[in-house]
Structure formats: C-alpha cells, structure tokens
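Since the structure comes first, as structure tokens, the remarks are kept for the end.
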Ligand SMILES: NC(=O)c1ccc[n+]([C@@H]2O[C@H](COP(=O)([O-])OP(=O)(O)OC[C@H]3O[C@@H](n4cnc5c(N)ncnc54)[C@H](OP(=O)(O)O)[C@@H]3O)[C@@H](O)[C@H]2O)c1
C-alpha cells in the first residue's frame, strides 16, 4: 500500500473537488468575511494584485512559502496556489490531483487579501499539474511563479507553468549543484527576453553587499583602484562539519564584478581547500585578478550567505584593501578601507533582515526584468 | 405546455426554473404545466421523476416540500405520439382552463429535438391548441435552424400558427443577469458611453470557454459544431450588445432594432477572408483539471474521422462610425483550460506615457472585463502606484463580484426568460431578423470550411485552442487574454 502524508487541513483548509468547487468555496468564505464586516459597518473589499504559484516538492517548503506570503498579504493582496508535488513519482501511487482551499484571514480583517489554494499532485502527475493550476489563476493579474529548489531544464510542469508566468522566482541558495543549476538559470534568462522576468532571492540577499562595495568606489580618491584590482576574496557560510557547500551567492558576487568591469575567463582553475575555489580572471587590461571563494563556519549564518568580502588593488605603489564584514551580531555590516595595511576609513551600518518574507516582498513589487542580475549571471557562466 | 417535457432540458433547466419561480411567488396564481412527449407516463410517475430532477438541479436546496407539493399538483403529463394523443391534449387543456379559470392563456415551450418542431407546430394548429380566448406564445429552443435557409423555413412554419410577436426564440445567454448588466452598465452610467468607441477602445475580446467535451450530445454536436452551437447565437448576441447604439427605450422593439443594426453592419467573412479571419479547431487528447481526457474523435458517437469543429476564433469588424478600426475578436471552444465567459474591452494605452518606461513596466492598458460566468461580475484593471519608495506603477484589479455585493444568488437565466415569456416581454428573445442576420454571417464561413479538403487543426485538450488562433490575433500585435 502506498503510504501517503495526511494533509493538515487546519493549515491548508478543507478538501474540495475541482476548480469550480474551489471558486464556490472561496466565494462562500469571502461572503462570510464581507457580511461580518458589513455588520460592523466596516467597508469590505476584495482586492488582489497578483497570482502567486508556489511549486514545492516537500510539505515543509510549501508551508514555509505559504506562511511568508500570508504575512505579505496586506502589502501584496494575492491569490496563492501552492503546488505540492509528492516527490519521486511512484508507480504504485495513482496519478491524481487534490485541492484544498481557505482564506487565512488575520483577526479583525475586513479585507479579503489572501486566498490560499493547495494543489496536491500525487503519483506521476507532471503532465497534469498545469491543467489544474491554470484555471485557478485570477484573470488579468500578473502571475509570479515561485519555484522552490532548482528548476528543471524544461518539460512539464515547469515549462507549462512558466508559460503563464510574468515572473519566475528562484532561490539559488537552495541549489544543491550550483555548477549545473546556475547555467540552466542563465539559459532560462536568455530565453525569457520580454516574456517574463526572473528573480533570484539569493541575489536579493547580496544587495547590501553590492551596495557597500559600490559605495567604496563612489569616493573619487578610491575609484581608480577599481581598475587595478589584483585579488578578490569572498567568504560564505557553511555548517559546522562543512558538508553543505552552497557557494552560489558568493559566485554571483564574482559574476557581478566581472560583468561590471569586463573581466574575462583565464583557463587555469584550481580547486582550493575544503570546497573553496581559487582561480584567476583577466582584467579588461589583461592583468590577472586572483579570486578566492572560501567556505567558513560562522555561527548564526544561513548556509551559503556571504560572510565577508575583500577586494585588493595596487596602484602607484600603494596597496589598497576594501573590506566588508558581517558583525558577530549578524545585524550590522562594517566596511573598512586599508591603505598599505593601515585603516584609513571605517563605518558600520545596519544590515537589512534577510528574512524570506522581506526578500519576497521586495520582489513582488517588481515586474520587469533585472538586467544587472542577468548580466552578472551570464558573466559567471562565461567564467566557469 | 412543454413539448419534450420528459427531456433533459426540461428536467435540468425548465422545471427547476419553474419551481424556483414558485418559491419566489412569481408564478401567476392560476397556473399549471402540461408536459408532453411520445413515450407515455402517468401524472404520478411524471411528478415523481420531476421531484427527483428538481431536488438535484434546483439552485436552491433542499427542496421546500410545502411549495413542491402545491406546485406538483399542477403538473400533468399527456403523451402525444399520434392524433389521438393531441386530441387528448386538447381536452386536458380545455379542462384545466375551465378548472383554473386561466382564460386559455397558453405558453407553448418547444423543448424537443429540432426535427420535431415542424410537426409539433402543425399539430398545434390542426388541433387548435391555441385556445380561443386568451393569448398564445411559443418559446422555441436553440438551435433555430441549421443555416439561413432552414431558419427561414422554420419561421414560415411558426407563422402558420403564430404571429412574429408571439414567437420567443430563446438564447439563454440573454437571460443571464450579467448580460443584461451590459446594457445597464453602458447606458445607465454616464462614464462609459463617451469612451465606448473607436477613439478609446483598442479592441474587444469575447470569450466563451468550456472545459467540458461533447459529453452525451455527440448526435447533435456532430451536426452542429462550435459555430452553430455557440457562435451563431451566444457570441453574436454578446457582440451585438457590446457594440449597439443606445436604444431609444428599453423595450423589446427598440433594443432589438439596435441589435439587428449591428448584425447588419457586421462585415461578412467570405471566400479568401475565411482563411485570414476565421480559425477552427478540434480537441485532441490532453488534461483538464488534472484528469486525462479523450480526443474528440474518440468520444462515443463521434465519427473517427469527424471534421466537426469544437473551437472557433474570429476577427470581426463592425462597419459603422462608432467602431471603424476597432476589431472584435471572438473565440469559443470545448476542452479549454477554464470555464469562462467574458467580454473584455481593451482601452488604448494613454497617448503620452507620463512615467518613465521603467516605472511603468508591468503596466498594461486599462481593461474593463464583464464576466458572465462563472463569478458573474465586472472588473476594471488600471494603473496604481506600488506601495514602495519611488514611483512604480502596476496594474491593479478592481473587482465587483455580483454575489458578494448583493448577497443574493442571481436568478438562473431560465427563470428570467420563462417569467418574461409569461409576461409577454420579448426583449431578451431573438427576433426573426436577428436570427436571419446571424445565419447570414455564419453560413459563408461554414461553406468555406465544408469545401476545404483539410481537417481542422487539432489542439491539445486543456490548452487555449490551436496555434492558428494565436496567429490570428498576434499578427495584429495583440494577444488573447489569459481569461
Ligand atoms: N439539454 C440542454 O442542456 C439544452 C441546452 C440548450 C438547448 N437545448 C435544446 O433543447 C431541446 C431539447 O433538448 P434535450 O437535451 O432536452 O433533448 P432530449 O433529452 O433528447 O429530450 C427530448 C424530449 O423531446 C421528446 N421528443 C422527442 N421527439 C419528439 C417528437 N417527435 N414529438 C414530441 N416529443 C418528442 C422526448 O421524449 P420522447 O422521446 O418520449 O418523445 C424528450 O422528452 C433541443 O432543441 C436542444 O437543442 C438543450
């Protein structure tokens, strides 16, 4: 007998049979909220600005995503369709689709701003998932597809769902094999032109680091050093026993520098200690830049998060180092400029919360594509 | 009087509608229903069958026993397989008139398969079923003919017994609340009329999408196809309502006069135009709501090499001053991803983009969408600033959900239409000249397809029709809405 995970109906709502029944049930629930609001002489409305499809292969991921979205509902009223595809299409499980729905309303909410539907696909349902999801989309609203895990290269249901999406959201920190997944994201990007935008939450996590590094070179005195970079070191967090290596974020940083500064690939590439990487890149003027990407154990950091960046440069006999570090309290970042080993300047700023809710919230406000990311990714793929 | 009183339509639609009218106290005090068909049934057996059907199909549940009992007392059945049967029917009607004092006011509802219409109408005449004192009206189900010629013949036959103002050709779409709302919205709101024209409207899209396949109706559908089943009546009626000029009054004459004017200036699609402006398709295998479904040609009762179209897309022009240069795109099909009937008025983009390209990325031109089913309502999409720093504009939907706003269930289309017929209001029924124009538009396209040596393109069930349909609209730099 095929074992099946029981679905927690207090979280996902009651099971309903088919798309029409989902709509009927949501309408019924909506009316109840509105009737309640009218009784209290409050204005009730249904607002929605987007459809969000979440694709997950594990219930924990699905649940975490659903929670994040519900927290965002007031800023981004939405209908979320969470697809939970039972992993490993087993032959003894009949392929079929089940649906659950409800309105997880905040207490005293008079607005219906979040509708949640679970589409549970069991057995080998790849071919049929999209046909259950697409009719559930609210017409006329943009569709965001949040794919947890590394997206496959094509085929159903990824291709089908991407076909209706205006924006694809991935998180490259979850990719088990960034060496394979990042190039495939780059390929998706290059096909996306104009059809849909792409967001990597990991890129969003990198934003405060990019901002700090950029701010060094806004200073006229230091700007020339950028062209004479000789080395870049990026540290990223790993767990205590150094098993889970997720260098995507660190690599994206390198890709970003390369795309901005026109760095090119040089053949030699040496694996470095403990899962790190050591390699050389050619600057625009042909000189070498040594790049080191290193895993480090640091308490309190999510695996894969950048923990520190050091950019080294030489010019007119001066040795400069530009350093950005995360403070041990995790909530601050310090940037330091050293000239010939002596600290010339230092400042500490708050580090924005890396919570997924914040990251997603930021991304949902954007519809267009992010050229900078696409270029960084493309440069990274060219380097490897 | 319901001819075909034991049929599917009577059981699923007509009787539940009548019962709900009774429930809302909308039926006349003296009222009875006589059902007829060829196969005999006792009154008791008929009532029992209807009781089951109504409990199952009524939009209000559960069955109100009190109301049902008194409603059922006035249900009768008479078999009419031959002249004796019609004689008996006449006697029954006279007797009931006498008992109930109904003045021989009679509504004849033709709910049999269309081939039976002619003989029934003749029998109504020969057996003088009209009665001598009261009014008589005939409601006739779709399809009304299968081309212009046969529709004219049918009208001729009807006119041997009924005057045109006594003929109520039903198009149940017109009974839907939201369809009537089209007129209310257009003409009762000052804000829409000034922008309801070529100057502001880029194009209009009308969609009638079904997820179901041919089901048990293969016998009928093989002969009809999507063009006759949906385009000829529902789609063209919706088009007429959207495009028509304001009627002088909201009465049956003025409204239908204006509709027929639109149908008259609908540019015909003939000869070579057919290839450019009309697309057909037939569904293949695929998935609907997660379930694997058969191809049309695998359905029971369908020929293995059937060329019947289950999908039609058209690009139409209404050749008048108001709509010059604004195309109307229409599509309908079975086994599409989603059940949805809607009319979308796509407005032109604002002439000057005030905001930078980046700020307005994600901003689509305003669209007004009239949703007819499911979730009857109206939504308006417009630009709004995203609540973050700086100016970023995003399309937002305002949603007017019919049910949620009024907290009532909209009546079923058949309730509205039967009540109108009983009251003699023909506004929502199709007049002879409208039907004639509708067929005049459809016939040349059907002829061209009939003469074509190729099969209709196959589309995968669960998709929005064949590639050709996308080409039809994308050629113009537009695209079908994700309905
Ligand atoms: N079903 C729908 O949802 C639907 C929707 C829109 C329009 N329509 C239209 O409504 C009409 C009826 O459809 P339906 O689906 O109800 O068909 P149906 O289920 O086949 O019923 C036909 C009815 O007519 C009777 N009948 C057949 N031939 C007759 C004849 N020569 N004289 C007298 N009675 C006869 C049948 O009973 P006996 O065989 O015992 O005579 C039966 O009661 C058709 O014109 C159809 O296009 C139906």
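Residue numbers (the numbering used here), protein chains in the order written: chain A, 1 to 384; chain B, 1001 to 1483.
The beta-carbon is built from N, C-alpha and C at its ideal position, and this holds for glycine as well.
Coil, strand or helix - residue 37 of chain A by DSSP: Counted from its first residue, the first chain places residue 37 of chain A at position 37. In this structure, residue 37 of chain A counts as helix in the three-state DSSP scheme.
Contacts around residue 150 of chain A, its chain only, beta-carbon distance under 6 Å, and the 5 residues preceding and following it disregarded: Residue mapping note: residue 150 of chain A aligns to position 150 of the first chain, counting from 1. Here the set comprises 175, 181.
The beta strand (DSSP E) with residue 1205 of chain B in it runs from where to where? The count along the second chain starts at 1 and reaches residue 1205 of chain B at position 205. Segment 1201-1209, the beta strand (DSSP E) holding residue 1205 of chain B.
Spell out whether any CB of chain A is found under 8 Å from the CB atom of residue 1407 of chain B. Translated into the one-based positions of the second chain, residue 1407 of chain B becomes position 407. Interpretation of residue 1407 of chain B is limited by its pLDDT of 48, a score under 50 that renders its predicted location unreliable; no figure is taken from the coordinates.
Please tell me whether, using a cut-off of 7 Å, the distance from the CB of residue 1009 of chain B to the nearest non-hydrogen atom of ligand 1 is below it. If you number the second chain from 1, residue 1009 of chain B lands on position 9. At least one heavy atom of ligand 1 is nearer than 7 Å to the Cβ of residue 1009 of chain B, so yes.
Continuous beta strand (DSSP E) stretch holding residue 1368 of chain B: start and end: Position 368 of the second chain holds residue 1368 of chain B. Taken as a continuous stretch (DSSP letters only), the beta strand (DSSP E) holding residue 1368 of chain B covers 1367-1373.
What distance in whole Å lies between the Cβ atoms of residue 1375 of chain B and residue 27 of chain A, which are believed to be in contact at a cut-off of 8 Å? Taking the first chain and counting its residues from 1, the one referred to as residue 27 of chain A is at position 27. Taking the second chain and counting its residues from 1, the one referred to as residue 1375 of chain B is at position 375. Between residue 1375 of chain B and residue 27 of chain A the Cβ distance is about 7 Å, and since that is below 8 Å, they are a contact.
Give the range of the beta strand (DSSP E) segment to which residue 1032 of chain B is assigned. Mapped onto the second chain, residue 1032 of chain B falls at position 32. Run containing residue 1032 of chain B: none; DSSP gives neither H nor E here.
Return the chain-ordered list of same chain residues with a C-beta closer than 8 Å to the C-beta of residue 1267 of chain B, the five sequence neighbours on each side being excluded. Sequence index remark: in the second chain, residue 1267 of chain B carries index 267 (1-based). Correct list, in chain order: 1316, 1317, 1318, 1319.
Determine whether the Cβ of residue 1333 of chain B lies closer than 8 Å to any Cβ atom of chain A. Taking the first residue of the second chain as position 1, residue 1333 of chain B is located at position 333. Output row for residue 1333 of chain B: interface = no.
Can you give the beta carbon distance from residue 1171 of chain B to residue 1237 of chain B, rounded, assuming they're within the 8 Å contact cut? Indexing the second chain from 1 puts residue 1171 of chain B at position 171. Indexing the second chain from 1 puts residue 1237 of chain B at position 237. Sure, about 6 Å apart at Cβ, within 8 Å.
Measuring straight from C-alpha to C-alpha, what distance separates residue 1213 of chain B and residue 1335 of chain B? On the second chain, position 213 is the one that residue 1213 of chain B refers to. On the second chain, position 335 is the one that residue 1335 of chain B refers to. The straight-line gap from Cα to Cα measures roughly 5 Å.
Count the CB pairs spanning the segment 1197-1211 of chain B and the segment 1335-1346 of chain B that are closer than 8 Å, and state whether there are at least three. yes
Mind reading off the beta-carbon distance from residue 312 of chain A to residue 204 of chain A? Whole number of angstroms is fine, and I expect it under 8 Å. Here residue 312 of chain A refers to the residue found at position 312 of the first chain. Here residue 204 of chain A refers to the residue found at position 204 of the first chain. Not a contact, Cβ separation roughly 27 Å.
Determine, using beta carbons only, whether residue 213 of chain A and residue 293 of chain A come nearer to each other than 8 Å. As a working note, residue 213 of chain A is residue 213 in the first chain. As a working note, residue 293 of chain A is residue 293 in the first chain. Cβ atoms of residue 213 of chain A and residue 293 of chain A: not closer than 8 Å.
Report yes or no: is there a C-beta of chain A within less than 8 Å of the C-beta of residue 1313 of chain B? As a position in the second chain, residue 1313 of chain B is number 313, starting the count at 1. Closer than 8 Å: no.
Using the Cα positions of residue 49 of chain A and residue 81 of chain A, report the straight-line distance between them to the nearest angstrom. On the first chain, position 49 is the one that residue 49 of chain A refers to. On the first chain, position 81 is the one that residue 81 of chain A refers to. Their Cα atoms are separated by approximately 14 Å.
Residue 101 of chain A versus residue 131 of chain A - alpha carbon distance: Indexing the first chain from 1 puts residue 101 of chain A at position 101. Indexing the first chain from 1 puts residue 131 of chain A at position 131. Answer to the nearest angstrom: the Cα atoms are 17 Å apart.
Anything in chain A within Cβ reach of residue 1292 of chain B, meaning under 9 Å, just list it in chain order. Translated into the one-based positions of the second chain, residue 1292 of chain B becomes position 292. Going along chain A in sequence order, the residues near residue 1292 of chain B (Cβ under 9 Å) are 95, 127, 128.
Pull up the DSSP beta-bridge partners for residue 295 of chain A, would you. Taking the first residue of the first chain as position 1, residue 295 of chain A is located at position 295. Paired residues: A:236.
Where does residue 1333 of chain B fall in DSSP's three states? What you label residue 1333 of chain B is simply residue 333 of the second chain in a count that begins at 1. Correct three-state label for residue 1333 of chain B: strand.
With a Cβ-Cβ cutoff of 8 Å, do residue 1465 of chain B and residue 1333 of chain B count as a contact? Here residue 1465 of chain B refers to the residue found at position 465 when the second chain is read from its first residue. Here residue 1333 of chain B refers to the residue found at position 333 when the second chain is read from its first residue. Yes, Cβ-Cβ distance for residue 1465 of chain B and residue 1333 of chain B is below 8 Å.
Whose C-alpha, out of B:1198, B:1262, B:1183, B:1459, is nearest the C-alpha of residue 1349 of chain B? Within the second chain, the letter at position 349 stands for residue 1349 of chain B. Looking at the Cα atoms, B:1198 is the closest of the given residues.
Unbroken beta strand (DSSP E) run spanning residue 1480 of chain B, endpoints: Sequence index remark: in the second chain, residue 1480 of chain B carries index 480 (1-based). Run containing residue 1480 of chain B: none; DSSP gives neither H nor E here.
In this structure, how does DSSP classify residue 1489 of chain B when only helix, strand and coil are distinguished? Only positions 1001 to 1483 of chain B appear in the structure, and residue 1489 of chain B is not among them; the question remains open.
Going by other Cβ atoms of all chains shown within 10 Å of its Cβ, with 16 needed for buried, is residue 372 of chain A buried or exposed? In the first chain, counting from the first residue as 1, residue 372 of chain A sits at position 372. Exposed, by the Cβ-count rule.
Opposing strand residues paired with residue 101 of chain A [DSSP bridges]: By 1-based counting over the first chain, the position of residue 101 of chain A is 101. DSSP lists A:14, A:117 as partners of residue 101 of chain A.
Rounded to whole angstroms, what's the CA-CA distance from residue 1391 of chain B to residue 332 of chain A? Just pull it up for me. The residue labelled residue 1391 of chain B in the question sits at position 391 within the second chain. The residue labelled residue 332 of chain A in the question sits at position 332 within the first chain. With a pLDDT of only 49 at residue 1391 of chain B, under the threshold of 50, the placement of this residue in the model should not be trusted, and no figure is reported.
Chain-ordered chain A contacts of residue 1002 of chain B [CB-CB under 9 Å]: The residue you call residue 1002 of chain B lines up with position 2 of the second chain. What residue 1002 of chain B touches in chain A: nothing, since even the nearest Cβ is about 29 Å away.
When DSSP labels each residue in this structure, what does residue 1042 of chain B get in the three-state scheme? Within the second chain, the letter at position 42 stands for residue 1042 of chain B. Coil, per DSSP.
Short Cβ contact (8 Å threshold) for residue 206 of chain A with residue 169 of chain A: Here residue 206 of chain A refers to the residue found at position 206 when the first chain is read from its first residue. Here residue 169 of chain A refers to the residue found at position 169 when the first chain is read from its first residue. No, the Cβ-Cβ distance between residue 206 of chain A and residue 169 of chain A is not below 8 Å.
Would you please state the rounded distance, in angstroms, between the beta carbons of residue 1074 of chain B and residue 1108 of chain B? I believe it to be under 8 Å. Translated into the one-based positions of the second chain, residue 1074 of chain B becomes position 74. Translated into the one-based positions of the second chain, residue 1108 of chain B becomes position 108. About 17 Å; that fails the 8 Å criterion.
Tell me where the beta strand (DSSP E) around residue 1157 of chain B begins and ends. Residue mapping note: residue 1157 of chain B aligns to position 157 of the second chain, counting from 1. Taken as a continuous stretch (DSSP letters only), residue 1157 of chain B belongs to no beta strand (DSSP E), being part of the alpha helix (DSSP H) at 1148-1159.
Leaving out five residues before and five after residue 1153 of chain B in sequence, what residues of the same chain have Cβ atoms less than 6 Å from its Cβ? Along the second chain, read from residue 1 onward, the residue named residue 1153 of chain B stands at position 153. No residues qualify anywhere along the chain.
Shorter than 7 Å, the distance from the beta carbon of residue 1120 of chain B to the closest heavy atom of ligand 1, or not? As a first step, residue 1120 of chain B must be located in the second chain, where it is residue number 120. Residue 1120 of chain B: yes, Cβ under 7 Å from ligand 1.
Can the beta-carbon of residue 120 of chain A be found closer than 8 Å to that of residue 98 of chain A? By 1-based counting over the first chain, the position of residue 120 of chain A is 120. By 1-based counting over the first chain, the position of residue 98 of chain A is 98. In this structure, residue 98 of chain A lies closer than 8 Å to residue 120 of chain A by Cβ.
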